[in-house]
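Residue numbers (our numbering), protein chains in the order written: chain A, 1 to 387; chain B, 388 to 656.
This is the structure:
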């Protein structure tokens with residue numbers, strides 16, 4: 001897709017607007033993390049501000065297993081298994097954190113989970129067993145030089161490795177998929193599987209109880225639900241998928257640092273994606289992350305996937321760029337001043353605008369426009385309501 | 388079906404519920420009393436929302452009495468002690484059907500199932516439809532609860548309490564704030580429900596209380612001051628004094644005394 005557009009007449013525009021494949025892999029695994037965050041926060045109404053801990057747990061588990069630092073699991077452990085192990089570790093951690101945290105509600109719940117997360121963040125930063133320099137975090141070492149394989153463990157034909165440098169390339173019908181593109185599809189496969197699993201849970205009797213808790217916890221108790229256990233269960237499930245997301249992140253990047261896994265701003269990014277995409281809609285956070293990353297890349301300087309800045313420079317030509325506008329400032333200088341390295345600033349403004357004017361997020365707003373989910377509304381539009 | 392012995396609740400120096408012995412059989416019993424008499428506190432003690440300072444609450448389903456004094460609200464609810472709320476307390480952004488369905492689901496062993504689609508469990512939705520039919524909300528089943536009128540919300544409030552085969556129904560002012568035209572509908576609903584379940588009703592509308600009740604219990608300052616058939620309670624001078632503060636035409640001064648007396652007592656206790 002991306003390649004086709006780049007070779008088309010609108011290639012300059014396409015490169016400007018579309019994120020690169022590498023970015024898209026990030027959108028997928030981080031999108032899964034944002035979905036798992038939304039699973040507990042959007043559906044039960046309890047903001048889990050320490051959610052990055054589970055993401056970090058998954059990421060570190062994958063790398064430490066690959067480095068042979070986890071007892072019983074050698075460096076040769078299949079990637080799919082270490083994803084699962086990371087997930088289960090996160091479940092245990094979530095239950096421990098949840099046992100204490102769910103005694104509180106509202107902002108106090110958010111604060112206590114944040115507290116737990118920061119304790120673990122500081123701990124991981126100083127734990128020199130995980131890496132030579134724990135502040136920079138671990139990287140996959142020489143004990144596991146090959147790429148991490150997604151697929152059926154032990155069956156080579158049904159597995160493909162991910163990673164920019166270590167991933168497999170696939171020749172299919174005369175065209176070659178780059179290692180990044182293969183990573184995109186393989187990570188996408190896992191993310192899709194996790195999404196369907198969570199979708200199933202949301203639409204189960206258990207999921208309906210979670211919605212009832214968000215709607216009115218007092219009444220949910222009064223009709224006979226032990227909401228404490230349900231919240232704990234939701235938290236554990238959410239922790240599991242957050243860790244899978246973290247594992248995918250580590251598997252693709254082959255390194256992790258406390259700052260991009262355990263740190264509370266990672267949760268902040270998930271919250272951002274959830275709010276932009278639609279809080280309380282399961283797929284919303286993925287679209288939110290896509291939107292967020294696209295805007296960031298669009299506004300980033302040259303050499304990071306193309307964006308508005310190099311596009312304008314190329315479009316306007318050197319003469320226009322050198323023309324003076326205000327005093328000594330040239331057009332080029334002005335563009336530089338406005339755009340260079342200020343992506344976060346603009347994303348922040350977009351976030352504020354979303355909270356103010358699109359409180360239901362992208363997906364939530366679109367759904368209320370078409371009156372239902374797309375899977376139901378679109379056929380109804382085409383064939384009429386009386387299917 | 389339900390009984391309390393020596394049930395007492397103190398908030399600091401204030402005794403909200405004072406040594407109440409009460410028993411409910413299969414009947415419609417009304418609990419009345421002036422504002423602040425302790426009716427809602429009594430409800431909260433029964434359901435486990437509040438823990439009593441002293442005394443016990445027991446519930447009987449078939450034969451044996453079961454002690455539920457220290458049970459949490461979700462435990463008393465799953466044992467069959469269902470309540471409705473004085474201030475409407477429903478799931479506002481769910482459909483009317485889902486409000487009742489999720490309450491029905493609470494009384495099955497399937498609520499923790501997370502690997503199967505909810506549509507697999509038709510029986511909950513069926514039961515919910517029956518209940519909606521009974522309270523007269525069938526036509527609104529697919530609307531969001533927040534879009535209902537106040538009168539319809541009061542019916543939904545009762546419908547949620549009806550879900551899951553209750554042993555005892557505690558209805559806390561089902562008529563609160565309902566316009567006079569709709570009062571009759573809710574009155575009919577109370578009467579029809581009382582044929583199937585033991586009902587303890589808190590109500591301020593005396594026409595309803597005297598009309599539908601088998602028995603009336605009067606609470607005043609946390610204590611039971613009268614207990615008996617409606618006509619007998621209505622004639623009871625203590626009840627008249629509690630409600631009117633001893634007011635009789637032409638004796639305003641006595642009335643003021645009668646009202647301030649118990650208040651100062653409560654303050655120093």
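Virtual Cβ for every residue (Gly too), placed ideally from N, Cα, C.
Between residue 120(A) and the set 299(A), 270(A), 51(A) and 182(A), the nearest pair of CA atoms involves 51(A). Close partners of residue 473(B) in chain A (Cβ separation under 7 Å) are lacking, with about 13 Å as the shortest Cβ gap. Scanning the stretch 32-78 of chain A from its first residue to its last, the whole alpha helix (DSSP H) runs of 4-plus residues come out as 52-66. Between the beta-carbon of residue 468(B) and that of residue 555(B) there is about 5 Å, and that keeps the pair under the 8 Å contact cut. At a Cβ-Cβ threshold of 8 Å, residue 63(A) and residue 140(A) count as neighbours.
Under the Cβ criterion of 8 Å, residue 465(B) is counted among the residues facing chain A. Just measuring C-alpha positions, the residue of 26(A), 21(A), 116(A) and 362(A) sitting nearest residue 253(A) is 26(A). At a cut-off of 3 residues, the continuous stretches assigned as beta strand (DSSP E) that sit fully inside the stretch 530-566 of chain B are 555-559. By the beta-carbon neighbour count (other beta carbons within 10 angstroms, threshold 16), residue 46(A) is buried. Counting only Cβ-Cβ distances below 8 Å, residue 492(B) has contacts in chain A at 205, 208 and 209, in chain order. In the three-state reduction of the DSSP assignment, residue 494(B) falls in the coil class, being assigned neither a helical nor a strand state.
Nearest C-alpha to residue 144(A) among 101(A), 67(A) and 108(A): 67(A). Within its own chain, the residues whose Cβ lies closer than 7 Å to the Cβ of residue 360(A), once the five positions on either side in sequence are excluded, are 278 and 368, listed in chain order. Ranked by Cα distance from residue 118(A), the first of 54(A), 162(A) and 151(A) is 54(A).
The C-alpha of residue 591(B) lies about 8 Å from the C-alpha of residue 562(B). Excluding its 5 nearest sequence neighbours in each direction, residue 529(B) has C-beta neighbours in its own chain below 7 Å: 482 and 484, listed in chain order.
Burial is judged here by how many other beta carbons sit within 10 angstroms of a residue's own beta carbon; residue 175(A) has fewer than 16 and is exposed. Scanning its chain for C-beta atoms nearer than 7 Å, with the 5 sequence neighbours on each side dropped, one finds around residue 564(B) the residues 537, in chain order. Close partners of residue 201(A) in chain B (Cβ separation under 9 Å): 501 and 502.
Taking CB atoms only, residue 225(A) has a neighbour in chain B less than 8 Å away.
Counting C-beta atoms within 10 angstroms of its own C-beta, residue 616(B) has fewer than 16 neighbours from the protein chains shown and is therefore classed as exposed. Distance from the Cα of residue 508(B) is smallest, within the candidate group 276(A), 203(A), 239(A) and 347(A), for 203(A).
Ranked by Cα distance from residue 487(B), the first of 209(A), 94(A) and 44(A) is 209(A). Residue 520(B) counts as exposed, since fewer than 16 other beta carbons sit within 10 angstroms of its beta carbon. For residue 395(B), the enclosing beta strand (DSSP E) covers residues 389-398. Of 69(A), 98(A), 81(A) and 70(A), the smallest CA-CA separation from residue 49(A) is found for 98(A). Within the stretch 577-611 of chain B, the runs of alpha helix (DSSP H) at least 4 residues long that lie entirely inside it are, in chain order, 593-599. For residue 221(A), the chain B residues whose Cβ falls inside 7 Å of its Cβ are 460 and 461, in order along the chain. Residue burial annotation: residue 618(B) is exposed, with fewer than 16 other C-beta atoms found within 10 angstroms of its C-beta. Residues of the stretch 507-532 of chain B with a C-beta atom less than 7 Å from some C-beta of chain A are 508, listed in chain order. For residue 215(A), the nearest beta carbon of chain B is closer than 8 Å to its own beta carbon. Residue pairing by DSSP places residue 447(B) opposite 452(B) in a beta bridge.
Taking 8 Å as the cut-off, the Cβ atoms of residue 242(A) and residue 90(A) count as close. With fewer than 16 other Cβ atoms from the protein chains shown falling within 10 Å of its own Cβ, residue 448(B) counts as exposed. Flagged as an interface residue toward chain B: residue 218(A), by a C-beta distance shorter than 8 Å. With respect to chain A, the C-beta atom of residue 498(B) has a partner C-beta closer than 8 Å.
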